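Numbering (this note's numbering), first residue to last: 152 to 275.
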């Protein structure tokens, strides 16, 4: 029953993704691709004067896992600082998804995380 609830949440984020758009400010962005399946995403974010994320969005296409993980990730990162972003781990992504991720879907689940890591390199 618990896994079913999370699977429904994944499907909801896939069908109705949060923050799937272009950011409304001049910010930083990074693109990432999963060569094995063709999923891709561009993660964009803007920071306010206090260093907090003021806007975050993504564009891309892919499977339910990659797109739901991106939707959940952007929800989670809103309002965070660079230092808080650095603390995020792949395990946090798996926790957000709430279901076990098979080895063949790890790169799908971590597509947004990979883009985030690129943004952190740009911002440092």
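Backbone N, C-alpha and C fix where the C-beta goes; we use that ideal spot for every residue, glycine too.
Just so it is clear, the structure is predicted and the values come from calculations on it, not from any experiment.
Could you give the first and the last residue of the continuous alpha helix (DSSP H) run that contains residue 243?
241–248
In chain order, which alpha helix (DSSP H) runs of at least 4 residues are fully inside the region 192–225?
none
Measure the beta-carbon distance from residue 192 to residue 217 and round it to whole angstroms, keeping in mind my assumption that it falls under 8 Å.
7 Å
Report the CB separation of residue 177 from residue 220 in whole angstroms; it is logged as a contact under 8 Å.
The pair is not a contact, with the Cβ atoms about 26 Å apart (cut-off 8 Å).
Give me the Cα-Cα distance between residue 162 and residue 215, rounded to the nearest whole angstrom.
7 Å
Do residue 205 and residue 197 count as a contact pair if the criterion is CB distance below 7 Å?
yes
Helix, strand or coil for residue 172, going by three-state DSSP, please let me know.
coil
DSSP state of residue 257 mapped onto helix, strand, coil
helix
Is residue 235 buried or exposed, if buried means 16 or more other CB atoms sit within 10 Å of its CB?
exposed
Could you give the distance in angstroms between the alpha-carbon of residue 237 and the alpha-carbon of residue 180?
16 Å
Quick one: residues in its chain with C-beta nearer than 6 Å to the C-beta of residue 256, no 5 flanking neighbours on either side, listed in chain order?
216
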